[in-house]
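As they're listed, the protein sequences go chains C and H.
If you count by this note's numbering, then the first sequence holds residues 723 to 1136, one letter each, in order.
If you count by this note's numbering, then the second sequence holds residues 723 to 1136, one letter each, in order.
Even for Gly, the Cβ is constructed at its ideal location relative to N, Cα and C.
Since we're looking at a predicted model, the values are computed, not measured.
What follows is a short report on a single structure.
Protein chains: 2
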Amino acid sequence: MPASRLPVDGAARRVGVTADEVRRHNLATVLHRLHRAGPLSRSRLASLTGLSRSTIADLVAELSSLGLVEEGPGLAPSGPGRPSPMVYARPEGAVVLAIELAVDSLSVATVGLGGHVFDRRRVARPREQASPAEAVRDVGDLGHPLLDALPPDHRLVGIGVGVVGIARRSDGLVHLAPNLGWRDVPIGKMVTAEFGAEQPVMVANEADLGALAELRRGARPGVHHLIYIAGEVGIGAGVIVDGEPLLGAAGYAGEAGHTLVNPTGWPCRCGATGCWETEAGEAALLRHAGLGDTATGLAALDALSERAAAGDSAVLDAMAEVGRWLGLGIGNLVNLFNPEVVVLGGLYHRFYLYLASAVLQGARSQALAAPWSRVVIMPSVLGADATLLGAAELALTPTIADPTGAGRAPAFRT
Amino acid sequence: MPASRLPVDGAARRVGVTADEVRRHNLATVLHRLHRAGPLSRSRLASLTGLSRSTIADLVAELSSLGLVEEGPGLAPSGPGRPSPMVYARPEGAVVLAIELAVDSLSVATVGLGGHVFDRRRVARPREQASPAEAVRDVGDLGHPLLDALPPDHRLVGIGVGVVGIARRSDGLVHLAPNLGWRDVPIGKMVTAEFGAEQPVMVANEADLGALAELRRGARPGVHHLIYIAGEVGIGAGVIVDGEPLLGAAGYAGEAGHTLVNPTGWPCRCGATGCWETEAGEAALLRHAGLGDTATGLAALDALSERAAAGDSAVLDAMAEVGRWLGLGIGNLVNLFNPEVVVLGGLYHRFYLYLASAVLQGARSQALAAPWSRVVIMPSVLGADATLLGAAELALTPTIADPTGAGRAPAFRT
DNA sequence: TCGGGTTTGTTCGACCCTGCAACATAACTC
DNA sequence: GAGTTATGTTGCAGGGTCGAACAAACCCGA
């Protein structure tokens, strides 16, 4: 119950609703809660959803017959009154293949309803290897064994792909991925071909997925307004507004890395000057640490990590300077979005210890008192798994939103 | 049908739905379309909402008995087949009092369903007069005659207030209004007292209301992602995402004026340095035009306007410089929000002619190709009326969202 | 001028979903 | 072991929408 919300009136109100849509909505509501909050008793489900016990019984029965939930052996924490058996989401009832195409690695995982990770694989990926076709083939080599290992009763319902770049949701086209050297790559179609999937393949930006993962599986379950800052080579922001991902008109929203913060700063790969990521991105960190533009990539970061741990003052100063810029940009986002939580991921998660104080100071200096007073800045709790888990959440979403699958279209359906 | 939208699954899905809520939703859907799109035939309503003809007949009958719509004399543009009488929103069925507390003026208007303006009043307001109590009393002097002039069958359903400052939606508290010299002013309660209103009084920021007005009554009816830039003394941004106002956790979202764009720039009233509004706000314009900090207020802007019209090159250069900064900030917003339209209001609407080319150039240089390719930058079509009309839309919203009024609470209910 | 074609409004019965009330069940408590 | 309390179950009622059949009103062409 977001107190500050206007009476609904926009997009959601544009179309009429009928009885079967009510059913679908309520099935989705129950399944969503079980997926996100874990096992719940039926009576708790009733009070959380506002539906009657009889309706909950009916809904649970249908979800159970679909194989999506089961009533477990456990009982709710006991008190007076008849004990209530717990209802669980069945991970085997809906399984997805999650794929992450990162700068330095490729990852895949099989994940089931409720967030259960069946298995996962990760391989390092040299930054030079730039071909999308090779990457997809490698992902296939990683993913096929995982799918083959899945018992036949485990139902595969979708594939989710997270990619470091600007992705269009509607068809899985990667418009631009500078860190991979990709441009207009139809990664959705390629993954579909690789796995011969009848299931929908959904592609999204790593920052958007990090935000989704932190929203659903992060440290603050009740949060509805969240920003995830993905610091890799560049900076991306995944924004959750009122529990929904902010996508914008075409799904390109959240490109915070390319907002101007310093007109007298460094030229950015995007063509502009003084973008946030030129001041607070990986390159800035290495630059300030005296590693210049020559040293890049994983090895440089490892070196940085060691020197920071050893107390190298040049590195610590670099951290403070980058942290300050990072904080200033976060202040901007706080003023724009008024979030409850800002989660730092990727690079910033790794070096949070050294960045934290400068980040907080920078953000505090830029943010207005009103939005600042209630925001929490914190490192990612999912760490390196955020994007991969977000890809799983993305792929599970259609099944949760429509458990009976009546309204499902084949691929690229978002 | 926003193609790029994830399957709904967040906040809206958290709670169960019952039959009467379906009815309310469908009544709201029909009324909303009539309010926003104007008269429609019943068959058109059916095809737009996806509901059957019988249901539409029933819904229209109920709305008609509530006095909110009526079936007009006009007929739908003819073709083969039985002609369809038009359904109109009845302005008298739901009337609101809209109030605008601007820097240089106070305005009130009575506005009915469908956006019909019954009457309006505006008085100049010297910038020095800072007392909230005086302002509310002046608004009362303006508003009472308008309400008294309303025939008894005209149903007053609410009061909407637009204010130049940071307002909390939940209770109408103005947290901070630097341009009015206000701090923690309970303007909602004061307006309620002034009008002795049983109807809800809703308070919002002028930029948010400008955005709402441009969304519903602006030049591009089909748009769902819109940003309204309110340029007065400072800069505020009203953001519409997927047809809904972006409020953030506490309603403070959209403070774009206080995002850092130039660390070596001027000190801002907010305490930080180089905020967008120090580079592209009214003060910057006067500064660049050589009017320094001494000349402020309406007179200075009028002088500027005359000199610009006369071709004064110093003023035109100032416009270009401010326009460039304005454009850079707009580029930032385009990258962050991926909107379909950016509407320039207030100061920027007034001087659009002189700003336009620099704005476009600045925005183009900062925005990424993908979001830039589909965005339209344009001056407000509502001009000085934007905030006032937005306040009316805000106050009408609860009635539209729940035409029967079953779920209505007294005041400050949002 | 008239009849066929077409589209729309109306009516009525059926279906679906949820809520309610009454009852059954199973713990806890004293 | 009986009373208390909370939960699951069952059957029925109510509300909302849909679909089909019918009626109404216009256009068009002969």
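Against N748(H), the close residues of chain C are G738 and V739, in the order they occur along the chain (beta-carbon pairs closer than 7 angstroms).
Excluding five sequence positions before and after A929(H), the CB atoms of its chain that fall closer than 7 angstroms to its own CB belong to Y950, A952, G958, A959, G960 and G976, given in chain order.
Listed as beta-bridge partners of N927(H) by DSSP are V885(H). Remark: C-beta atoms of V809(H) and L749(H) do not approach each other more closely than 9 angstroms. P922(C) counts as buried, since at least 16 other C-beta atoms from the protein chains shown sit within 10 angstroms of its C-beta. The Cβ-Cβ distance between T1109(H) and L835(H) does not fall below 9 angstroms. By the Cβ-count criterion, E1001(C) is buried, with 16 or more other Cβ atoms from all chains shown falling within 10 Å of its own Cβ.
Here I888(C) has V896, H897, L898, A899, N927, Y974 and E977 as same chain residues with Cβ atoms under 8 angstroms from its own Cβ, once five neighbours each way along the sequence are excluded. Considering only H747(H), T832(H), H838(H) and E822(H), the residue with the shortest C-alpha distance to A846(H) is E822(H).
Between L1104(C) and R891(C) the beta-carbon gap is near 22 angstroms, outside 8 angstroms, which marks them as no contact. About 20 angstroms separates the CB atoms of T771(C) and T740(C); that is not less than 8 angstroms, and the two are not in contact. In the DSSP annotation of this structure, L773(C) is not part of any alpha helix (DSSP H), being labelled neither H nor E.
Residue range A1108 to A1123 is occupied by the alpha helix (DSSP H) that includes L1116(H). By the beta-carbon neighbour count (other beta carbons within 10 angstroms, threshold 16), A1036(C) is exposed. In the structure shown, the three-state DSSP call for P985(C) is coil. Closest option to E916(C), judged by alpha-carbon separation, among D1034(C), L762(C) and G862(C): G862(C). Here the alpha carbons of A811(C) and R764(C) stand approximately 13 angstroms from one another. The three-state secondary structure of V955(C), taken from DSSP, is coil. Counting the other Cβ atoms within 10 Å of the Cβ of G993(H) gives fewer than 16, which makes it exposed.
Identification of chain C residues near G976(H) by a Cβ-Cβ cut-off of 9 angstroms yields N1057, L1058, F1059 and N1060, ordered along the chain. When CB distances to chain H are screened at a threshold of 7 angstroms, the residues of the stretch 1079-1100 of chain C falling below it are S1087, Q1088, L1090, A1092, P1093 and R1096, in chain order. For M1100(H), the pairing in a beta bridge is given by DSSP as V1065(H).
Beta-carbon to beta-carbon, V879(H) and V925(H) are separated by about 16 angstroms, too far to satisfy the 8 angstroms threshold.
A check of alpha carbon separations from D841(C) across V945(C), S853(C), V858(C) and E814(C) identifies E814(C) as the nearest.
At a cut-off of 9 angstroms, the C-beta of T986(C) has a neighbouring C-beta in chain H. Approximately 29 angstroms separates the beta-carbon atoms of L1058(C) and L1075(H); this is outside 8 angstroms, ruling out the contact. A distance below 6 angstroms between beta-carbons, with the five flanking residues on each side excluded, links L1050(H) to the following residues of its chain, in chain order: G1084 and Q1088.
Your pair A1042(C) and A1080(C) checks out as a contact, with CB atoms roughly 4 angstroms apart and the cut at 8 angstroms.
D1039(H) has no beta-bridge partner at all, per DSSP.
Leaving aside the five residues that flank N901(C) on each side, the residues in its chain whose CB is nearer than 6 angstroms to its CB run, in chain order, V825, V886 and V955. One thing to note: L1048(C) has its Cβ within 9 angstroms of the Cβ of Y1070(C). With contacts defined as CB atoms closer than 9 angstroms, G882(C) and L931(C) qualify as a contacting pair. Shortest Cα-Cα distance from D906(H) to any of S853(H), S1102(H) and A941(H) involves S853(H). At a Cβ-Cβ threshold of 9 angstroms, E1062(H) and H947(H) count as neighbours.
Excluding the 5 residues flanking it on each side, L785(H) has same chain C-beta neighbours closer than 7 angstroms at L749, V752, L753, V791 and P1125, in chain order. For N1054(H), the C-beta contacts it makes with chain C under 7 angstroms involve T981 and L982, in order along the chain.
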